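Protein sequence lines, in the order shown, are assigned to chains A and B. 1 is the number of the first residue of the first sequence in our numbering; add one for each residue after it. 1001 is the number of the first residue of the second sequence in our numbering; add one for each residue after it.
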Amino acid sequence: MTVDPGFRQLYEREFPLVFRAAFLLCGDRQLAEDAAQEAFARALARWRRLRTHPSPGGWVTTTALNTVRRALRGRPSIERANPGTADLDEALTLRAAIRELPPRQQEAVALHYLLDMPVAETAAAMGVDQGTVKTHLARARDALARALDEPDLNDANDVRS
Amino acid sequence: MSETPLKERLRAAADAPVPSPTLGPVSRRARILRARRVAGAALATAITVTAITLPLSGLRHLGEQDRSPQPTTESVFGDGRAGFVPRQGWTDLQKNDVNVCTSTESFASSDSPGDPGESTFCTATAGALSPDGIVMAVLIESGPYRWEEPNGNFPERSFPISLQDARIDHNWETQPDPDIPQYLLLGTVAHRWLDVRVYFGRQDPTSEQLAAAQTRLDDLFMNAPASLGGSVAFLPDQGWQTKVDTPPVSDGFATPGDVPVAAWTTNADLPPGDPTNTYPAGPSNDQIAALPAGGIVVAASQTLFTSNPIERTGTYPAHHLTLGLDEFELSSGGQEGLAREDLTQASLSASVMGRPIFVHVWFGTLDVTDELRREAQDALDRLVVVPTPPATDALDRFGIALPLPAGWDGFLYSFGLDANLVASSAPIDDPFDEPVMRRSLSPTDVAIVLSREDWYIRAQLWAPDEPPFEIGPYDRCDGCEVMDGGEISAPGHVLFNHTFTYGGAPFDLYVEFGSEPTQASIDQVNTVLAGLRLEPLTDPAVVVTPEPGTNVVGAIYDGDIDLDVTADTEIRTLSPGWLNASIHVPAGWSGQNGTVAGMQRPESLLTVGSWAFPPGGYCGPLPALQRLPADGALVWIDTYRGGAPGDLEFSPWPDRVVWDASTFVADSSPCVGNGEPAGRGSGVWVKGWSLGGRAFVVHVALGPDAGPDVVANVTAALESFRVG
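What follows is the structure in C-alpha cells.
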C-alpha cells in the first residue's frame, strides 16, 4: 500500500514515544498500543492538514492520551494489586499520580518530559503559548510533589526552554 | 529518589517493551475514519487539493426533476421481468425480460424477436389488426436492473394502470395504418419507467374493446428490478469492468442494505487491489496509482445510514439520476495515502433515491479531454441506486430507539457498525455538527448524545448497566469532551458522561445542560432516557466480551435484586458467609453481601444502602451508585484476602467514626464512575482500615441532599462493623 513517506517517517519515529506516553497514563500495554495506533490512524486520516502542523508528533501524543483517558473511564485500576519491586512500586505510584493530573497537565508532562520537547514545541503541540505550558508544568510538578510527598520534586530546573 | 530528575523517573515509569509498529491496521483504520469524515463533511472537501476549473458545461446533463424520491416500501430485488398473466383469448409475445406484447390476434412474424424488421411495440401486428382486434405492447424503459424516479415524461402511477389515463394519438409516428390509434400510457411504477401502448383495430374502439383492454391491463405484472449485487452499482458496459464490493464487516444490527457498500467501474486493466486498504470496498490506492493516462475509475459508495431526512444535514443535497459530471467538485493530485500528482479527481456527495452516496471519479491524467469526460459521463449514466424507504423523524433503527418529548429534535445515524444518536430540546440544524448545537444551548436547554462504539480499542471494557439508563451525580464530567471532540463544554454548561456496556456493546452517553442543572432538570432528562431501548448485539463476531485479562476484578455479573436485609427485615445484622464479619443495617435501610460478584482483589464484602439498591457492578457497585437518591447514602466494604497490597495504607478501624475530611478522602477511582465527586458535600469517599488482622476498604457515597441523619446512620453502621 502507498502511504505518504512523511507519515511513515513520523510513525516509525514517534510510535515508541507515543506508546510510552500512553503507557505512562494507563500502565496497560494493550491499551497503550491500541491508543497509539488509534491516534496515528486519526493522524493519517487527516494527514494532508496535519503534515503542516507545527508538531504532528505532539498532536498524535495528545490524541493518544485522550484515547487512553476515554478508555479508562469506568475501568478499574489494573495495577492496584500488583505490588513488586521498589522500582515497580515507584512506577506504579508515579503513574497513579500522573493519572490524577488534569488532562492538560498530563499532556504537558508527557510532551515536555517524556517526549523531550522544548517548551516552545510543547506549546505549539498543545496550541497554547509558552507561558501556559510553564504554568501547566509547574502545577503538575506541584501536584506530583504533593501526591508523592516529595516537596523537592517541584524543581523548576526540570523545565527546558 | 527525589533527587533523580523528574524526567528520568517519568521515563522509567513509562518504560515498557514497545510493540513492533505495524502500519497496516493504522492505514485501514485511517481509511475508515477518512470515509466517515467525508460522509460527515460538506462536499468531500477532504480530497480537495487544488480546485481547477474544467469546461464541463457541454456535457450531457439529465435529471432536472425537482421531485424528492418517496419510496413507499423497503426495496426488495426481483428478476426485473414484466409480463402478463395468461388469459384465454389473448396471445403473448415475450421479447425479453422488459419487453412483452399481448394480442387478441396472431402476431406478425416480423414482430418476432430477432427478425430484421422487429418492432419493440409490435406495430406490424397492430397494422394487420381486424377492426375488433387489440394489441398491447409493454416496455420497461429503465431496463431490468435500474430503479428510477418519476419525472415529467414518466409521472408516478401505480398498478393497475387505467386506460382512461392514456394519451390517445389518432395520427402518430410509425403508424402502420391510418385506422390504428395509439393509446399511450407512460409512468413510473414502483420505481421503473413503464411504457405501455395499446392499439385497436379501429379509430373509435367499442366499449367492449375498451373494457377488454382494461381487463388485459389489469393482468400486467412487473417484478422489482434485479440486483447488481448492492444498493449502489453500475450497469455493465463493453470495455468496462464493474464491481460491487462490501467490506468484510458484519453487524448484528444491520438491516438489509446497511452494510457499507461501494460499486466501481473502470475502463482500465488495473492490478488486484489490497483488500485491507479499502473502506468501503472499492478501488484501493495502489489501483488508482496504477491508473493509465486514458484510464477512468468511477466509484460510488454508501457508508452512512439513517432513516431520518438526510437532506437536512446539508451534506447530501438531493440529486437525481443521472448525475452530471459538471455537478462534481474537481481537484487535481492524489489523496491521503496516494502520492500521485498527475491525477484529476471529481467528487459529489448527494442524496439519491433517499440514499446518501459519495461518487468519485478519477482520471489518470491532468489533461482531461472532452472524450474522457464523455466516457466518464457515460459511466455515471450507468449508476444504479436502489431507493430507500421514506425518511422519518422517528429515532428507531440500528437497535436503538428513543421516543422524544414534543418539541425535541433528534437524529439517528450509523456508519454500518456504530450508531449515533443526537437529541436536544433545542433545534439541531446539522446533526453532523452537533458541537455547534451544544455550544448554542440556552440555559434551559439540554442535549443528549449517545454513541454505540465500534471503536477497535480492545481494552474498552466499561461497566455493564441495565435499563432504565440514566445519569446521576457521579456521571458529572467537568472538563470532559463529548466524543473526544477536542473542546470542552461552553462556559456555564454542565456535562454528564455515562459510559456503560449493554448487550455486549459499549455505549457512551453524554448529557449537556445549558446551565447548572437542578435535580428536577436531571430527573426530566432521566425521564426521557427511561424511554431509551437498546437491543443486545446478536452477532458474536462483534459482541464486546469483557474479560478480566490482567486486572484484578473477575467476570462481570449482574444478579437480580436480592437483598439480604431489606427495609422491613426484623433482624438488622448483615453477615457475609465468610470471614465472620457483620454490620448493623440502620432501620429502614437495606443490606447485601457480596454486591459486586466476581471481584477478586479486593473482594466485595458487603453493602449497606438507604434504599433498596440494585446489586452488580464492575469493580464498584455502579448500578447502585447510578441510582443513588439525592438524599441517600451507600456504604460498601471490600476486603483483601492474603494480605493487603503494599501501596495502600490501612489504619486501625476506629471505635468511633467521625465524618470529616481528615477521616475519608475523595474516591476518584474509575470504579465509582467518572471519578469526580460531585462536590457540595456529595460524592464518594474512601478509607482503608484494618480489623482483626484483615484489611478493608470502606467506601461511602452520599447524595447531594443527604442530611445529618443519613450521615449519622452511615457512621453508626461503620461503628457496628465486627470481625470474628
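All residues carry an ideal CB built from backbone N, CA and C; glycine is no exception. Treat the numbers as computed from the prediction; the structure is a model and nothing was measured.
Let me know if F1159/B comes out buried or exposed under the rule of 16 or more other beta-carbons within 10 Å of its beta-carbon.
-> By the 10 Å Cβ count, F1159/B comes out exposed.
For the beta strand (DSSP E) that G1632/B lies in, which residues bound it at each end?
-> Looking at the DSSP string, G1632/B is not in any beta strand (DSSP E), and its letter there is neither H nor E.
List the residues that DSSP assigns as beta-bridge partners of H1319/B.
-> The partner list for H1319/B (beta bridge, DSSP) is empty, contrary to what the question assumes.
Measuring CB to CB, does A1379/B end up less than 9 Å from V1352/B?
-> No. Outside cutoff.
8 Å Cβ shell around F15/A - same chain, five flanking residues per side excluded | Setting aside the 5 residues that flank it on each side, F15/A is surrounded in the same chain by A36 and F40, each with a C-beta closer than 8 Å to its C-beta; the list follows chain order.
Would you mind stating whether A1233/B and V1384/B have Cβ atoms separated by less than 9 Å?
-> Result yes, Cβ atoms of A1233/B and V1384/B sit closer than 9 Å.
CB contact flag (A1299/B, P1271/B, <9 Å) | No; because the gap between Cβ atoms is not below 9 Å, this pair is not in contact.
Which residues, in chain order, does the stretch 109-128 of chain A contribute to contact with chain D at a C-beta distance below 9 Å?
-> No chain D is part of this structure, whose protein chains are labelled A and B.
Same chain only: Cβ atoms within 6 Å of E1156/B, ignoring 5 sequence neighbours per side = So the qualifying residues of the chain are P1150 and T1188.
A91/A versus chain B: which residues are under 7 Å apart at the beta carbon?
-> The answer, in chain order, is A1012 and A1013.
How is the beta strand (DSSP E) around M1136/B delimited, first residue to last?
-> Here the beta strand (DSSP E) through M1136/B covers I1134 to I1140.
Exposed or buried, what is H1493/B when buried is set at 16 or more other beta-carbons lying within 10 Å of its beta-carbon?
-> Taking all protein chains in view, the Cβ of H1493/B is crowded by 16 or more other Cβ atoms within 10 Å, so the residue is classified as buried.
Taking only beta-carbon atoms, is G1078/B less than 9 Å away from chain A?
-> No, because no Cβ of chain A sits closer than 9 Å to the Cβ of G1078/B.
Would you mind listing the beta strand (DSSP E) stretches within the stretch 1294-1378 of chain B that are 3+ residues and don't spill past its ends, in chain order?
-> The DSSP assignment places complete beta strand (DSSP E) segments of no fewer than 3 residues inside the stretch 1294-1378 of chain B at 1296-1302, 1329-1332, 1344-1352 and 1355-1363, in order along the chain.
Meets three-Cβ-pair contact criterion under 8 Å: the stretch 1118-1134 of chain B and the stretch 1092-1106 of chain B | At 8 Å Cβ cutoff, the stretches touch.
Evaluate V1635/B with the Cβ neighbour count: other Cβ atoms within 10 Å of its Cβ, from every protein chain shown; 16 or more gives buried, anything less gives exposed.
-> Counting every other CB atom within 10 Å of its CB across the protein chains shown gives V1635/B a total of 16 or more, marking it as buried.
Might you give, ordered along the chain, the residues of its own chain that have their beta carbon closer than 7 Å to the beta carbon of D1169/B, omitting 5 neighbours on each side?
-> Here the set comprises P1181, Q1182 and L1184.
Looking at C-alpha atoms only, which residue of A145/A, R46/A and F19/A is the closest neighbour of R1029/B?
-> Of all alpha-carbon atoms in A145/A, R46/A and F19/A, the one lying nearest the alpha-carbon of R1029/B is that of R46/A.
Spatially closest choice to A43/A from Y11/A, A120/A, R141/A and A97/A, by CA coordinates = Of Y11/A, A120/A, R141/A and A97/A, the residue nearest in Cα terms is Y11/A.
Same chain only: Cβ atoms within 7 Å of L1304/B, ignoring 5 sequence neighbours per side = Cβ within range, chain order: A1039, P1356, Y1413 and F1415.
Shortest alpha-carbon distance to E1535/B belongs to which of A1401/B, N1171/B and P1086/B?
-> Of A1401/B, N1171/B and P1086/B, the residue nearest in Cα terms is A1401/B.
Which residue or residues does DSSP assign as beta-bridge partners of R1397/B?
-> Among the bridge pairs identified by DSSP, R1397/B is matched with I1400/B.
Separation of G27/A from P1005/B, as counted between CA atoms | Distance between the alpha carbons of P1005/B and G27/A: 21 Å.
Please decide whether E1149/B counts as near chain A, where near means a Cβ-Cβ distance under 9 Å.
-> It does not; no Cβ of chain A falls within 9 Å.
Using a cut-off of 9 Å between C-beta atoms, extract the partners of R139/A located in chain B.
-> The contacting residues do not exist; R139/A stays about 14 Å from chain B at best.
By a C-beta neighbour count over all protein chains shown, 10 Å radius and 16 as the cutoff for buried, is Q1209/B buried or exposed?
-> The residue in question, Q1209/B, is buried, as its Cβ has 16 or more Cβ neighbours within 10 Å.
Closest by CA to R146/A, which one among E107/A, T93/A, L31/A and A125/A?
-> Residue T93/A is the option with its Cα nearest to R146/A.
Using the C-alpha atoms, what's the distance from P1629/B back to Q1592/B?
-> So the two alpha carbons sit approximately 18 Å from each other.
Contact list for the stretch 1019-1032 of chain B against chain A, Cβ threshold 7 Å = From the stretch 1019-1032 of chain B, only P1019, P1021, L1023, P1025, V1026, S1027, R1029 and A1030 have a Cβ closer than 7 Å to chain A.
For T1255/B, I'd like the list of residues in its chain whose CB is within less than 6 Å of its CB, leaving aside the five on either flank, ordered along the chain.
-> With a pLDDT of 46 at T1255/B, under the threshold of 50, the modelled position of that residue is not reliable, and the figure given next carries that caveat. Listed in chain order, the non-local C-beta contacts of T1255/B below 6 Å within the same chain number zero, local neighbours out to five positions each way being set aside.
Paired residues, beta bridge with D1195/B - DSSP = Listed as beta-bridge partners of D1195/B by DSSP are L1139/B and L1186/B.
Can you list, in chain order, the residues of its chain whose CB lies under 8 Å from that of P1652/B, leaving out five sequence neighbours each side?
-> Sequence-distant partners of P1652/B (beyond 5 residues in either direction) whose C-beta falls short of 8 Å from its own C-beta, in its chain, are W1689, S1690 and L1691.
Using a Cβ-Cβ cut-off of 7 Å (strictly less than) and excluding sequence neighbours within five positions of R139/A, which residues of its own chain qualify?
-> The answer, listed in chain order, is Q105.
First through last residue of the alpha helix (DSSP H) which encompasses W1264/B = It is not in any alpha helix (DSSP H) - W1264/B instead sits in the beta strand (DSSP E) that spans V1261 to T1266.
Using the Cα positions of E1649/B and Y1640/B, report the straight-line distance between them to the nearest angstrom.
-> Their backbone Cα atoms lie some 13 Å apart in a straight line.
Have a look at D1709/B, V1446/B and H1584/B and flag the residue whose alpha-carbon is nearest the alpha-carbon of A1520/B.
-> Comparing Cα positions, the closest option is V1446/B.
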